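**Student:** Those sequence lines, one after another, are chains S and G. At position 236 of the first sequence the residue is numbered 341 (our numbering), and the sequence of numbers has no breaks. At position 162 of the second sequence the residue is numbered 366 (our numbering), and the sequence of numbers has no breaks. Note that CB positions come from ideal geometry on N, CA and C, so glycine has one too. Source: prediction; values computed, not measured. Let me give you the structure first, and then I'll get to my questions.
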Amino acid sequence: MRFNRLALYGLLGIAALMILAPVFIMVSTSLKPMDEIRDGSIFALPVEPSFDAWREAWSGDCSQTAGGNCGGLSSSFLTSVKIVIPALFLSVGLGAVTGYALAAWKMRGANLMFAALLVGMFIPPQVTLYPLIIMVRELGIFGSIPGLVLVHVIWGVAFTTMMFRNFFKTVPQDLLKAARIDGAGFWPLFWHVMLPLSLPILGVAMILQFTYIWNDFLLGLTFGGRSGQPMTVALNNLVGSQFGEKEYNVDMAATMLTALPTLAVYLLSGRLFVRGIAAGAVKG
Amino acid sequence: MNGVELRGVTKAYAGLTVMKDINLEIEDGAFLVLLGPSGCGKSTILNMIAGLEPVTGGSIHIAGREVTELEPDERDIAMVFQSYALYPTMSVRRNIGFGLKMRGMPKADIEKRVDEIGELLQITPLLDRKPSQLSGGQQQRVAIGRALVREPSVFLFDEPLSNLDAKLRADMRVELKRLHERLGRTIVYVTHDQIEAMTLATKVVVLDKGSIQQADTPENVYRRPANKFVASFVGAPTMNFIDGKLVQDGDGIAFDGGSGQLPLASLPTRARDLIGQPVTLGARPEHLMFDDLGANARVLLAEPTGPDQYVRLAVAGSEVTARTGPEQHFSSGTDARIMIDGARVSLFDPESGRAIL
Ligand SMILES: Nc1ncnc2c1ncn2[C@@H]1O[C@H](COP(=O)(O)OP(=O)(O)O)[C@@H](O)[C@H]1O
Ligand SMILES: [Mg+2]
Numbered sequence: 106m107r108f109n110r111l112a113l114y115g116l117l118g119i120a121a122l123m124i125l126a127p128v129f130i131m132v133s134t135s136l137k138p139m140d141e142i143r144d145g146s147i148f149a150l151p152v153e154p155s156f157d158a159w160r161e162a163w164s165g166d167c168s169q170t171a172g173g174n175c176g177g178l179s180s181s182f183l184t185s186v187k188i189v190i191p192a193l194f195l196s197v198g199l200g201a202v203t204g205y206a207l208a209a210w211k212m213r214g215a216n217l218m219f220a221a222l223l224v225g226m227f228i229p230p231q232v233t234l235y236p237l238i239i240m241v242r243e244l245g246i247f248g249s250i251p252g253l254v255l256v257h258v259i260w261g262v263a264f265t266t267m268m269f270r271n272f273f274k275t276v277p278q279d280l281l282k283a284a285r286i287d288g289a290g291f292w293p294l295f296w297h298v299m300l301p302l303s304l305p306i307l308g309v310a311m312i313l314q315f316t317y318i319w320n321d322f323l324l325g326l327t328f329g330g331r332s333g334q335p336m337t338v339a340l341n342n343l344v345g346s347q348f349g350e351k352e353y354n355v356d357m358a359a360t361m362l363t364a365l366p367t368l369a370v371y372l373l374s375g376r377l378f379v380r381g382i383a384a385g386a387v388k389g
Numbered sequence: 205m206n207g208v209e210l211r212g213v214t215k216a217y218a219g220l221t222v223m224k225d226i227n228l229e230i231e232d233g234a235f236l237v238l239l240g241p242s243g244c245g246k247s248t249i250l251n252m253i254a255g256l257e258p259v260t261g262g263s264i265h266i267a268g269r270e271v272t273e274l275e276p277d278e279r280d281i282a283m284v285f286q287s288y289a290l291y292p293t294m295s296v297r298r299n300i301g302f303g304l305k306m307r308g309m310p311k312a313d314i315e316k317r318v319d320e321i322g323e324l325l326q327i328t329p330l331l332d333r334k335p336s337q338l339s340g341g342q343q344q345r346v347a348i349g350r351a352l353v354r355e356p357s358v359f360l361f362d363e364p365l366s367n368l369d370a371k372l373r374a375d376m377r378v379e380l381k382r383l384h385e386r387l388g389r390t391i392v393y394v395t396h397d398q399i400e401a402m403t404l405a406t407k408v409v410v411l412d413k414g415s416i417q418q419a420d421t422p423e424n425v426y427r428r429p430a431n432k433f434v435a436s437f438v439g440a441p442t443m444n445f446i447d448g449k450l451v452q453d454g455d456g457i458a459f460d461g462g463s464g465q466l467p468l469a470s471l472p473t474r475a476r477d478l479i480g481q482p483v484t485l486g487a488r489p490e491h492l493m494f495d496d497l498g499a500n501a502r503v504l505l506a507e508p509t510g511p512d513q514y515v516r517l518a519v520a521g522s523e524v525t526a527r528t529g530p531e532q533h534f535s536s537g538t539d540a541r542i543m544i545d546g547a548r549v550s551l552f553d554p555e556s557g558r559a560i561l
């Protein structure tokens, strides 16, 4: 018994170490000046820790580095926020209403719609990239934030609809009947009965969509253009386009800055997330 | 006239007929119980009255108005479900007031009505709780409150007591009956429990396989069942059925079960017309009496239940159950003599199962 405990904690410790080692290296490297990086081991702790690299990664200007894509990530951070917020609320909101309609109301063609959703969920975005580009171009919003938001909503809504539909399908029929007898139509039933029931699922959908959209690179690169360049694309440019010596400390700091918002969302909503998962948010 | 009328109502699911030609008149103020085994179509009828299921054919009238094409909330009905179906995220107060809110009633009026209902059903201390913080019996009270608050012409109940334990069920039954007497509103009540039907109903409609078998007062359904199905579904222990024929027995009539005769004292004289033709005798346990002048029977088993005892007997080639008081002692394997009260038995046509006496 005691040996089992020990073995368990040993294994957990090793797993944690393997995951945390790169994080440690990133944090420590980002705090070192370049000469410490050049001369020391990557496992060494910074001798003279400083936040210069973080400042540079966030708001550096182009005076020290050559090339087109330089500068800090602060402006693309704002762009990412402008993309994520509307895309998040639109994809989750639309998914909630569509999933509710599919689950709680008898609709003509509901089965066909359901099949389309399944296809929508499992086709990789690369496959439909080209037709999407044409579509967005024809709408005249290619290479802009609204264009990118639209694409994210299109991609997210199949997934969120499925999540809400599956949850709303578990709501007992008698409850829907009671609401009909009470005179609740489509919107009152959604607003007063179904949406409050779905709060845990709503939370999970928000968190997952936030993560997908924030971390997206491919769609941002393809549809964002110059004005709609999200943080991930800017990070890639920053890390990939420096001339001369690689500034590892700046790269590490920039990477962590980009990952920070999703990390924060997970840490702040951990409880809710687990509760939503337990409520069956991400099954089938 | 706040009654309900179903005229030639039929229902089919995907071409499969589950209700055939239902004609039913429910008078204003009646407590009508739809009684039948699971799957016979009780809920389907209730849902069609409520407007939750469209009818395939025929028409439905509530309070003298045709409602066949109307939505549930336009029909002036309220419904109570077996699962209570309370809104889980709303307080009891909001649950009860929700229907009024949907009708656009001002907030202050809703509050007043909800408070009145809370007092009537003695749930005032529960008004600010969530349904999950209530016991089953309390939830059912709230569900009834949600129906009452709207003051509809007709209340629909779908097996409202099935999820409660036996003691609570008996209490709620009494309360429902009181409530009905007090409000005088029309109630349509679905159950598979014959005790509920017998105790609550002013009229019982017995259903089987999607059609009405008998619609009558509880007394008549029990005393004069229209066919073998009704006779066997209503009453516990169930009615005894013996196939055979009526024969002349001196001045009177006896029943010949093939391997022995049973005297049927005071059978109505009309029964003479049936002498010689095959019949199924239907005798309830209390119609069998232990009497020294009766036919020979053998005791198989005695089951005392407290106030009564049920005695299994072999008589005239069949096994029957007799009901008697607890005083007399019966041992298995001994002989007894039984008589059948001809004034109370039923006779059925063995082919169709229809009552012929
Ligand atoms: N939505 C449905 N689709 C197909 N058949 C149904 C549906 N609802 C009920 N039925 C059938 O109709 C019959 C009556 O059902 P129901 O009214 O629920 O019975 P009860 O309430 O008496 O138990 C059953 O045979 C059932 O299988
Ligand atoms: Mg039912």
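Alpha carbon to alpha carbon, how far is S/S185 from S/P335? Give it in angstroms, no decimals.
**Tutor:** S/P335 and S/S185: Cα-Cα distance of roughly 5 angstroms.
**Student:** Going straight from the alpha carbon of G/T421 to that of G/V378, what length do you get?
**Tutor:** C-alpha separation (whole angstroms): 19 angstroms.
**Student:** Beta-carbon within less than 7 angstroms of G/E167's beta-carbon, same chain only, minus the 5 sequence neighbours each way: which residues are those?
**Tutor:** No answer is possible for residue 167 of chain G: it lies beyond the span of chain G, which begins at 205 and ends at 561.
**Student:** Run the CB neighbour count on S/N216, radius 10 Å, all protein chains shown included, and call it buried at 16 or more, exposed below.
**Tutor:** The residue in question, S/N216, is exposed, as its Cβ has fewer than 16 Cβ neighbours within 10 Å.
**Student:** If I measure Cβ to Cβ from S/F108 and keep anything under 6 angstroms in the same chain, skipping five residues before and after, which residues do I get?
**Tutor:** Contacts found: none.
**Student:** When the Cα atoms are used, what is the spatial distance from G/S339 to G/C244?
**Tutor:** Roughly 30 angstroms between the two C-alpha positions.
**Student:** For G/K224, does the three-state DSSP call read helix, strand or coil?
**Tutor:** Residue state, collapsed to three classes: strand.
**Student:** Can you pull the chain G residues whose beta carbon is under 9 angstroms from the beta carbon of S/R285, in chain order?
**Tutor:** Per Cβ cutoff of 9 angstroms: A254, G255, L256, E275, P276 and D277.
**Student:** State the Cα-Cα distance for the pair S/N174 and S/V309, rounded to the nearest angstrom.
**Tutor:** Any reading at S/N174 must be qualified, since the residue scores a pLDDT of 46, below 50, and its modelled position is unreliable; the value itself is stated next. Each residue's alpha carbon lies about 35 angstroms from the other.
**Student:** For the alpha helix (DSSP H) containing G/H265, name the first residue and the last one.
**Tutor:** It is not in any alpha helix (DSSP H) - G/H265 instead sits in the beta strand (DSSP E) that spans G261 to I266.
**Student:** Name the residues in the stretch 201-213 of chain S whose C-beta lies less than 7 angstroms from a C-beta of chain G; which are they?
**Tutor:** The stretch 201-213 of chain S vs chain G, Cβ under 7 angstroms: nothing.
**Student:** Work out the CA separation of S/F182 and S/Q169 for me, nearest whole Å.
**Tutor:** Reliability of the predicted coordinates at S/Q169 is poor, the pLDDT of 49 falling under 50, and the value obtained from them is presented with this limitation in mind. About 22 angstroms.
**Student:** With a threshold of 16 other CB atoms inside 10 Å of the CB of S/L222, please say whether the residue is buried or exposed.
**Tutor:** That one is buried.
**Student:** Does DSSP classify G/P292 as helix, strand or coil?
**Tutor:** Here G/P292 sits in coil by DSSP.
**Student:** For G/S415, verify whether its CB is less than 6 angstroms away from any heavy atom of ligand 2.
**Tutor:** Not so, every heavy atom of ligand 2 lies at least 6 angstroms from the Cβ.
**Student:** Give a single yes or no on whether G/V409 has its beta carbon closer than 6 angstroms to a heavy atom of ligand 1.
**Tutor:** Not under cutoff, so the answer is no.
**Student:** DSSP puts G/K449 in a beta bridge; with which residues?
**Tutor:** Answer is G/D460 and G/P482, bridged to G/K449.
**Student:** Any idea what DSSP makes of G/P241, helix, strand or coil?
**Tutor:** Correct three-state label for G/P241: coil.
**Student:** Output the residue ranges of the alpha helix (DSSP H) runs that lie fully inside the stretch 354-409 of chain G and measure 4 residues or longer, sorted by chain position.
**Tutor:** List check, alpha helix (DSSP H) in window: 370-387 and 398-404.
**Student:** Beta-carbon separation of G/L466 and G/A518 under 7 angstroms?
**Tutor:** No, these two residues do not count as a Cβ contact at 7 angstroms.
**Student:** Kindly examine ligand 2 and report whether one of its heavy atoms sits closer than 6 angstroms to the Cβ of G/S599.
**Tutor:** Because chain G in this structure spans residues 205 to 561, residue 599 of chain G falls outside the shown range and cannot be described.
**Student:** I'd like the ranges of any beta strand (DSSP E) spanning at least 3 consecutive residues and lying wholly in the stretch 108-191 of chain S.
**Tutor:** Runs found: none.
**Student:** Whole angstroms are fine: how far does the CA of S/D140 sit from the CA of S/L154?
**Tutor:** The displayed chain sequence assigns Pro, not Leu, to residue 154 of chain S. So the two alpha carbons sit approximately 12 angstroms from each other.
**Student:** Select from the stretch 304-327 of chain G all residues with a C-beta closer than 7 angstroms to any C-beta belonging to chain S, and list them in chain order.
**Tutor:** The residues in question are M306 and R307.
**Student:** Report the option in G/T260, G/R516 and G/P292 whose CA atom is closest to the CA atom of G/S536.
**Tutor:** For G/S536, the nearest C-alpha among the options comes from G/R516.
**Student:** Judging by CA-CA distance, which residue of S/R143, S/P151, S/L368 and S/A209 is the nearest neighbour of S/K137?
**Tutor:** Among S/R143, S/P151, S/L368 and S/A209, the Cα nearest to that of S/K137 is on S/P151.
**Student:** May I have the straight-line CA-CA distance separating S/G172 from S/A162, to the nearest angstrom?
**Tutor:** Any answer about S/G172 is weak, because its pLDDT of 42 lies below 50 and its placement is not dependable; what the coordinates show is given next. Going by the C-alpha atoms only, they are around 16 angstroms apart.
**Student:** Are any of the Cβ atoms in chain G nearer than 7 angstroms to that of S/P301?
**Tutor:** True, the Cβ-Cβ gap to chain G drops below 7 angstroms.
**Student:** For G/Q513, which three-state DSSP category applies?
**Tutor:** Reduced to three states, the DSSP call for G/Q513 is strand.
**Student:** How long is the line joining the alpha carbons of G/G557 and G/K432, rounded to whole angstroms?
**Tutor:** So the alpha carbons of these two residues sit roughly 5 angstroms apart.
**Student:** Which bits of chain G does S/V390 rub up against, with CB to CB less than 7 angstroms?
**Tutor:** Since the first residue of chain S shown is 106 and the last is 389, residue 390 of chain S is not available in this structure.
**Student:** Three-state secondary structure (DSSP) at G/D332?
**Tutor:** Looking at G/D332 - three-state DSSP - the assignment turns out to be coil, as it is neither helix nor strand.
**Student:** Does the Cβ-Cβ distance between G/I391 and G/F552 come in under 7 angstroms?
**Tutor:** In this structure, G/F552 does not lie closer than 7 angstroms to G/I391 by Cβ.
**Student:** For S/V189, count the other beta carbons within 10 Å of its own beta carbon; 16 or more makes it buried, fewer makes it exposed. Which is it?
**Tutor:** Buried is the call here.
**Student:** Since G/T214 is in the beta strand (DSSP E), which residue starts that stretch and which ends it?
**Tutor:** Its beta strand (DSSP E) spans residues V208 to Y217.
**Student:** Quick one: list the residues of chain S neighbouring G/A282, beta-carbon separation under 7 angstroms, in chain order.
**Tutor:** Correct list: I286.
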